[in-house]
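full-length UniProt numbering applies: residue 1 is where the sequence shown begins, and numbers increase by one.
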Amino acid sequence: MAKVVKFKNSIDEIIFLVTSNEGKPYFYVNKYIKFLQTIKKSTNTIKSYAYRLKLYWDYVESYQMDFKKITMDDFVKYVGWLQGNGNIHSKNRSTNTINYNVTAVFGFYNYLARFHSEVLETELDFYTESIKKYSYRSFLEHTKSSVKSKLKVLKLREVKKTYKKLSAEQLKKIFNYKMNLRNRLLLQILYETGMRISEALNIKLEDIDISDKKILITKSKTPYGENRWVYLSADTINLLQDYIYEIHEKNNFDSDYLFLKLTGNQRGQPCDYSTVEAFFKSVSKMVGFKVTPHMFRHTLATELHESNVEISIIKAILGHKDVQTTINMYIHPSEKSIRTEFDKVVQNREKGKENVKSKSK
1 MAKVVKFKNS IDEIIFLVTS NEGKPYFYVN KYIKFLQTIK KSTNTIKSYA YRLKLYWDYV
61 ESYQMDFKKI TMDDFVKYVG WLQGNGNIHS KNRSTNTINY NVTAVFGFYN YLARFHSEVL
121 ETELDFYTES IKKYSYRSFL EHTKSSVKSK LKVLKLREVK KTYKKLSAEQ LKKIFNYKMN
181 LRNRLLLQIL YETGMRISEA LNIKLEDIDI SDKKILITKS KTPYGENRWV YLSADTINLL
241 QDYIYEIHEK NNFDSDYLFL KLTGNQRGQP CDYSTVEAFF KSVSKMVGFK VTPHMFRHTL
301 ATELHESNVE ISIIKAILGH KDVQTTINMY IHPSEKSIRT EFDKVVQNRE KGKENVKSKS
361 K
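Okay, structure coming up:
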């Protein structure tokens, strides 16, 4: 069985290694992970790839396979194994999760083919050419017949993910939950700005403009989310100032990061995902429904949309590359707004019937 080891190097960078259970590093897997770091993939992406390749190595070693001689048939069996058709790690994974795992492994083999082709003893073609289909016919249809696109051979059809919005009642229940100053500040910032949790954990004191009630996002999941301002209410700025005084100044913590660990032998160190995950699990248990950091992002986007804020403004707030991303991922009418519009139609129909009756008399 493989495992993922996490540590920090001499310049305080987070490093992930995939090793055997005995601690022996897998040479080419770790070279690929190092490559991902070199091309500036986010820490979260690198962590995800490390765990997905760890899972792939569990499969390879379970069936005593040689990763250098893998065939497309072996990959088909791997997909079946991910679906729960193996004796080890047998579980029902979602289609999206399986595709993410396969993408990570494809990326690894593409890397080997480009930079270490001498290692591979097999040829792999992960893509197939397909005629692109259009949902309409135009006067230029004859020019499109030869247009081809590359499709992943083993990509399963995915169910579109539905992002959940927190209702007013749920938000009230969450914010009524007893929590420390740091966690309350984190929730209010997530809700008011719609920032990603990774962006929140990377906030430094120097990024905060208290007088203008705003925060500069310097690190984001994508380049389009970086160097954007997000804005806070006066109440949250007051809470932020209280937090800096009570946590940073009173404890004399030597850290530029806003959100810090408050207990344990790492007290005063920057918060990480495990700290946040533990907090949100605790909140979910206490309020009786699942709560995640991303729900606050979706809630803000939906509320802005239903308040008739321009899509381009919502895009800028969320840090998306283009408007279509914002529309596809977050802009959905709520059940309440759908019901309101439906009731309007019913009322108009009733008025129409009444008008017809009055004219016929």
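Using N, Cα and C, we set each Cβ at its ideal position, and we do this for glycine too.
query                                                                                                                                : result
K281 beta carbon less than 7 Å from that of Q269                                                                                     : no
Proximity to S284 [Cα-Cα], best of L171, C271 and A234                                                                               : L171
Residues bridged to K204 (per DSSP)                                                                                                  : Y257
Unbroken beta strand (DSSP E) run spanning K3, endpoints                                                                             : A2 to K8
Proximal residues to S255 (C-beta, below 8 Å), its chain only, five neighbours per side dropped                                      : H248, G268, Q269 and P270
Closest by C-alpha distance to D74, when choosing among N44, T95 and V105                                                            : V105
Run of the beta strand (DSSP E) containing L232, from where it starts to where it stops                                              : Taken as a continuous stretch (DSSP letters only), L232 belongs to no beta strand (DSSP E), as it is neither H nor E.
Delimiting residues of the alpha helix (DSSP H) encompassing I313                                                                    : I311 to L318
Continuous alpha helix (DSSP H) assignments of at least 4 residues falling wholly in the UniProt domain "Core-binding (CB)" (23-113) : 27-38, 43-62 and 72-80
When Y49, V287 and W57 are compared against K24, the one with the closest alpha-carbon                                               : W57
For S20, the residue or residues it bridges with in DSSP                                                                             : A2
I313 classed as buried or exposed, judged by whether at least 16 other C-beta atoms fall within 10 angstroms                         : exposed
Nearest-angstrom beta carbon gap, K6 and F16 [assumed within contact, 8 Å]                                                           : 6 Å
Touching by the beta-carbon criterion (3+ pairs, under 8 Å), the region 295-303 and the region 165-181                               : yes
Residue closest to G84, alpha-carbon to alpha-carbon, out of T43, Y109 and L55                                                       : L55
Chain-order list of residues whose beta-carbon lies under 7 Å from that of Q37 (same chain, five-residue window excluded)            : I46
Continuous alpha helix (DSSP H) stretch holding I217: start and end                                                                  : Segment K214 to I217 is the beta strand (DSSP E) holding I217; no alpha helix (DSSP H) there.
Distance between D212 and Y231 (C-alpha atoms, nearest Å)                                                                            : 8 Å
Environment of H116 [buried if 16+ CB atoms lie within 10 Å]                                                                         : exposed
First through last residue of the alpha helix (DSSP H) which encompasses Q188                                                        : L181 to T193
Closest Cα partner of Y26 within the set I11, N44, I39 and K3                                                                        : K3
Nonlocal neighbours in the same chain, by C-beta distance under 8 Å from L239, ignoring five residues either side                    : L181, R184, L185 and Q188
Spatial distance of K77 from Q266 (CA atoms)                                                                                         : 43 Å
Alpha-carbon to alpha-carbon, S198 and I217                                                                                          : 10 Å
Proximal residues to E13 (C-beta, below 6 Å), its chain only, five neighbours per side dropped                                       : none
As assigned by DSSP and simplified to three states, the class of R339                                                                : helix
Inter-residue CB distance, W229 and K214 (contact presumed, cutoff 8 Å)                                                              : 5 Å
N-terminal and C-terminal residue of the alpha helix (DSSP H) that L171 is part of                                                   : A168 to F175
Top-ranked residue by Cα proximity to V287, from Y51, E121 and Y177                                                                  : Y177
Contact check, K315 vs T299, beta carbons under 7 Å                                                                                  : no
Nearest to I317 (by Cα), restricted to the options F342, N348, G194 and D207                                                         : G194
Selected residue, minimal CA-CA separation from V60, among Y100, I39 and M1                                                          : M1
N-terminal and C-terminal residue of the alpha helix (DSSP H) that residue 366 is part of                                            : Here the chain comprises residues numbered 1 to 361, so residue 366 is not present and cannot be evaluated.
Extent of the continuous alpha helix (DSSP H) run through T122                                                                       : It is not in any alpha helix (DSSP H) - T122 carries neither H nor E in the DSSP assignment.
R349, DSSP secondary structure in three states                                                                                       : helix
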